[in-house]
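Below is one structure, written out as structure tokens; the observations come after it.
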Amino acid sequence: MPKLSSTQQRVQVARLAQVVPSLGAAYAQALARWLGDPVLRLAGVPFITECYRSPERQDELYKQGRSKPGPIVTYKRGGESKHNRLPCPALDVAFLLADGSVSWSGLLLSKFARLMKAADARVHWGGDWPGFKDRPHFEV
Numbered sequence: 001m002p003k004l005s006s007t008q009q010r011v012q013v014a015r016l017a018q019v020v021p022s023l024g025a026a027y028a029q030a031l032a033r034w035l036g037d038p039v040l041r042l043a044g045v046p047f048i049t050e051c052y053r054s055p056e057r058q059d060e061l062y063k064q065g066r067s068k069p070g071p072i073v074t075y076k077r078g079g080e081s082k083h084n085r086l087p088c089p090a091l092d093v094a095f096l097l098a099d100g101s102v103s104w105s106g107l108l109l110s111k112f113a114r115l116m117k118a119a120d121a122r123v124h125w126g127g128d129w130p131g132f133k134d135r136p137h138f139e140v
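Residue numbers 1 to 140, in the numbering used here, belong to the letters of the sequence shown in order.
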């Protein structure tokens with residue numbers, strides 16, 4: 001079973017401290033349910049990749065797929081994203097796999113999204129958006 005290192009766990013605590021209380025509580029509940037299920041736990045361990053990001057970092061992400069190489073990952077410029085506020089009403093999730101790699105699997109994210117939305121009906125998942133699907137993204 002994959003496991004976050006003590007350093008990674010400290011980073012998770014710091015990131016979770018950046019989010020609005022309702023989103024943090026929903027994430028904590030969804031994570032506990034995930035880790036309490038032996039089948040889900042074997043599939044990978046969810047972790048927060050990002051909560052708050054500066055407007056400058058947002059602009060760098062916006063350039064990706066446009067003036068910089070890589071796929072488009074956002075349609076929001078610096079200051080336009082929910083990630084650009086504190087306390088932050090948004091967080092992004094990925095999964096640590098047993099081999100130590102990181103996955104943004106749509107299947108795993110959709111399973112985690114069900115737990116997040118069950119934890120708090122105010123949580124919106126980027127995978128439900130009609131246009132651009134931002135599957136790692138959760139917000140209130």
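The C-beta atom is built at its ideal place from N, Cα and C for all residues, glycine as well.
Everything numeric in this text was worked out from a predicted model, so none of it was measured.
- Here the alpha carbon of A119 sits roughly 15 angstroms from the alpha carbon of L35.
- Apart from sequence neighbours up to five positions away, the residues of its chain that approach M116 with a beta-carbon distance below 6 angstroms are A26, A30, V123, F138, ordered along the chain.
- For the pair G70 and V39, the Cα-to-Cα distance works out to about 33 angstroms.
- DSSP, read as helix, strand or coil, puts P46 in strand.
- Across the structure, R66 and D59 are spaced so that their CA atoms are roughly 11 angstroms apart.
- Distance from the CA atom of I72 to the CA atom of W104, rounded to whole angstroms, is 15 angstroms.
- For the pair L108 and K68, the Cα-to-Cα distance works out to about 28 angstroms.
- Assigned with DSSP and collapsed to three states, D37 falls in coil, not helix or strand.
- In the structure shown, V11 adopts helical secondary structure according to DSSP, grouped into three states.
- Boundaries cannot be given for E80, as no beta strand (DSSP E) includes it and DSSP labels it neither H nor E.
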